[in-house]
Amino acid sequence: YQNVLYETFYVWHGRPMEESRFPQLLDATTTGTTFCVPELVQQQGEHAQRRFIEFFTARIRNRGTRGAYARAAAEFLDWCDRRAVSLQQVTPIVVATYIEQLTAEYSAPTVKLRLAALRSLFDHLVTGQVMPMNPAASVRGPRHVVKKGSTPVLRAEEARQLIDSIEGRSIVGLRDRALIGVMVYSFARVSAAIGMNVEDYYSQGRRMWLRLHEKGGKRHDVPAHHNAEAYLDAYLAVAGIRDEKKGPLFRTVSRRRELTLTRMHRVDVLRMIKRRARQAGISTTVCCHTFRATGITTYLENGGQLEHAQQIAAHESARTTKLYDRTSDAVSLDEIERIMI
Numbered sequence: 034y035q036n037v038l039y040e041t042f043y044v045w046h047g048r049p050m051e052e053s054r055f056p057q058l059l060d061a062t063t064t065g066t067t068f069c070v071p072e073l074v075q076q077q078g079e080h081a082q083r084r085f086i087e088f089f090t091a092r093i094r095n096r097g098t099r100g101a102y103a104r105a106a107a108e109f110l111d112w113c114d115r116r117a118v119s120l121q122q123v124t125p126i127v128v129a130t131y132i133e134q135l136t137a138e139y140s141a142p143t144v145k146l147r148l149a150a151l152r153s154l155f156d157h158l159v160t161g162q163v164m165p166m167n168p169a170a171s172v173r174g175p176r177h178v179v180k181k182g183s184t185p186v187l188r189a190e191e192a193r194q195l196i197d198s199i200e201g202r203s204i205v206g207l208r209d210r211a212l213i214g215v216m217v218y219s220f221a222r223v224s225a226a227i228g229m230n231v232e233d234y235y236s237q238g239r240r241m242w243l244r245l246h247e248k249g250g251k252r253h254d255v256p257a258h259h260n261a262e263a264y265l266d267a268y269l270a271v272a273g274i275r276d277e278k279k280g281p282l283f284r285t286v287s288r289r290r291e292l293t294l295t296r297m298h299r300v301d302v303l304r305m306i307k308r309r310a311r312q313a314g315i316s317t318t319v320c321c322h323t324f325r326a327t328g329i330t331t332y333l334e335n336g337g338q339l340e341h342a343q344q345i346a347a348h349e350s351a352r353t354t355k356l357y358d359r360t361s362d363a364v365s366l367d368e369i370e371r372i373m374i
């Protein structure tokens with residue numbers, strides 16, 4: 034419970050909260066003397082503040098969703114505050130104006146996510162009798178039709194170049210190589226990979242397996258590719274954490290370049306990936322999802338079946354898996370080159 038409040042406070046204020054302030058915040062949920070909620074909510078009194086905190090702590094279970102919704106709420110309420118619009122003065126026109134401004138600055142998926150966050154938050158405030166109606170309910174977001182994913186994909190040789198460029202002499206290098214290996218060879222989302230505990234890399238039937246904790250509370254078991262197995266074994270041999278079964282598999286490092294007890298955050302992974310790609314001389318823009326898309330595309334290029342890729346990636350629909358498939362890109366380029374002028 035404390036971690037939930039800590040993470041949400043960090044999103045609102047952009048800085049960590051001292052542990053000594055936890056008791057004040059926890060007490061605030063019952064006394065209303067909270068200091069961490071946005072100013073517009075504080076102006077509505079004790080009940081509104083408590084209801085606001087309940088939305089992020091009791092209603093949203095997924096950490097990623099909680100963070101995204103908290104950022105969306107904080108930015109909208111700050112936008113209103115700078116225009117002297119109180120919470121009770123927020124109408125569909127105000128929300129529509131804000132969404133129109135976002136549409137000019139951000140992609141359609143980002144705008145739709147932020148609108149969904151506002152709808153959900155205001156709905157919670159309405160049912161708690163903080164607001165008379167949901168001002169975001171009738172506001173329409175931008176249209177967004179997806180036929181091919183926008184995630185950057187590496188060619189197989191680029192992915193190999195990146196992995197081979199990571200030195201295996203330090204614990205940081207071993208960790209980074211193992212983490213990238215898990216994402217590439219199991220099509221794992223970054224949240225599922227860093228969510229693994231040591232016990233989630235296990236032996237069964239004479240081979241090693243990966244247990245990934247995917248979205249929606251799904252547990253997904255995938256056989257470990259021999260390369261991923263080699264990277265993980267090398268990492269664990271030096272890390273000395275094999276017996277810490279309940280501890281995080283991928284951990285942050287201290288200033289002394291030693292593993293801590295803290296699980297890596299996806300922001301840590303993104304910074305690591307960009308740094309490693311830059312050091313490897315990879316010009317393609319990369320993100321955490323790049324390795325999921327790269328793994329799926331390479332698998333299909335080598336004759337893999339779409340339904341099997343869907344199963345490995347733990348997608349509910351093959352249409353979702355197809356969004357990651359970039360095998361048609363090469364065909365399209367060949368056709369374009371036929372224009373010989």
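Residue numbers (the working numbering): 34 to 374.
Heads up, the beta-carbon is just placed ideally off N, CA and C, and yes, glycines get one too.
Distance CB(residue i)-CB(residue j) smaller than 8 Å
{"i": "Ala225", "j": "His258", "result": "no"}
{"i": "Ala101", "j": "Leu146", "result": "yes"}
{"i": "Ile199", "j": "Arg210", "result": "yes"}
{"i": "Thr130", "j": "Pro168", "result": "no"}
{"i": "Thr354", "j": "Leu339", "result": "yes"}
{"i": "Ala346", "j": "Phe220", "result": "yes"}
{"i": "Tyr264", "j": "Gly228", "result": "no"}
{"i": "Val128", "j": "Val74", "result": "no"}
{"i": "Leu151", "j": "Ala105", "result": "yes"}
C-alpha distance - residue i paired with residue j, whole-angstrom precision
{"i": "Leu243", "j": "Arg308", "result": "26 Å"}
{"i": "Asp301", "j": "Val163", "result": "38 Å"}
{"i": "Leu356", "j": "Asp111", "result": "35 Å"}
{"i": "Leu148", "j": "Thr318", "result": "28 Å"}
{"i": "Val205", "j": "Val286", "result": "8 Å"}
{"i": "Ser236", "j": "Arg84", "result": "46 Å"}
{"i": "Leu269", "j": "Asp276", "result": "10 Å"}
{"i": "Leu158", "j": "Ile126", "result": "18 Å"}
{"i": "Arg116", "j": "Arg96", "result": "30 Å"}
{"i": "Ser316", "j": "Gly238", "result": "41 Å"}
{"i": "Glu349", "j": "Pro142", "result": "20 Å"}
{"i": "Tyr218", "j": "Glu291", "result": "26 Å"}
{"i": "Ile132", "j": "Ile86", "result": "24 Å"}
{"i": "Glu191", "j": "Gln344", "result": "25 Å"}
{"i": "Val118", "j": "Thr184", "result": "37 Å"}
{"i": "Val144", "j": "Lys251", "result": "27 Å"}
{"i": "Ala170", "j": "Gly161", "result": "16 Å"}
{"i": "Arg92", "j": "Asp114", "result": "25 Å"}
{"i": "Ser310", "j": "Ala137", "result": "Reading off the sequence shown, one finds Ala at residue 310, where the question assumed Ser. Rounded to the nearest angstrom, the two C-alpha atoms are 31 Å apart."}
{"i": "Met305", "j": "Arg284", "result": "13 Å"}
{"i": "Glu79", "j": "Ser153", "result": "20 Å"}
{"i": "Gly30", "j": "Gln77", "result": "Because the chain is modelled from 34 through 374, residue 30 falls outside the range shown and cannot be assessed."}
{"i": "Asp358", "j": "Asn260", "result": "22 Å"}
{"i": "Thr293", "j": "Val271", "result": "14 Å"}
{"i": "Arg375", "j": "Gln122", "result": "In the structure as shown, the chain begins at 34 and stops at 374. Residue 375 is therefore absent and cannot be evaluated."}
{"i": "Arg288", "j": "Ile274", "result": "19 Å"}
Whole-angstrom C-beta distance between residue j and residue i, which should lie under 8 Å
{"i": "Met166", "j": "Phe324", "result": "Incorrect: roughly 44 Å between the Cβ atoms, too far for contact."}
{"i": "Pro71", "j": "Ala107", "result": "6 Å"}
{"i": "Asn230", "j": "Lys279", "result": "6 Å"}
{"i": "Gly201", "j": "Leu195", "result": "Contact flag wrong, Cβ pair sits at about 14 Å."}
{"i": "Phe89", "j": "Arg99", "result": "6 Å"}
Opposing strand residues paired with residue i [DSSP bridges]
{"i": "Val286", "result": "Leu292"}
{"i": "Met241", "result": "Ser236"}
{"i": "Val255", "result": "Leu243"}
{"i": "Asn230", "result": "Pro281"}
Selected residue, minimal CA-CA separation from residue i, among the options
{"i": "Arg296", "options": "Gln82, Leu212, Ala310", "result": "Leu212"}
{"i": "Pro256", "options": "His341, Arg173, Cys321, Ala310", "result": "His341"}
{"i": "Pro281", "options": "Arg290, Arg311, Glu232, Ile306", "result": "Glu232"}
{"i": "Ile329", "options": "Gln194, Val186, Gly273", "result": "Val186"}
{"i": "Arg299", "options": "Ile315, Cys321, Ile274", "result": "Cys321"}
{"i": "Ser140", "options": "Tyr268, Ala170, Gly174, Val128", "result": "Gly174"}
{"i": "Phe155", "options": "Thr184, Leu120, Glu133, Pro142", "result": "Leu120"}
{"i": "Leu303", "options": "Ala263, Gln76, Arg222, His348", "result": "Arg222"}
{"i": "Arg240", "options": "Lys251, Ile227, Gln77, Glu262", "result": "Glu262"}
{"i": "Asp254", "options": "Gly337, Gln82, Gln77, Tyr234", "result": "Tyr234"}
{"i": "Ser413", "options": "Ala267, Arg193, Thr160", "result": "Outside the displayed range of the chain (34 to 374) lies residue 413, so it cannot be described from this structure."}
{"i": "Asp197", "options": "Leu294, Ala313, Asp358", "result": "Ala313"}
{"i": "Arg94", "options": "Leu294, Arg176, Lys248", "result": "Lys248"}
{"i": "Thr331", "options": "Arg193, Arg289, Arg176", "result": "Arg193"}
Near the ligand NAP: residue i beta-carbon under 7 Å from a heavy atom
{"i": "Ala117", "result": "Here there are no bound small molecules, and the ligand NAP is not part of this structure."}
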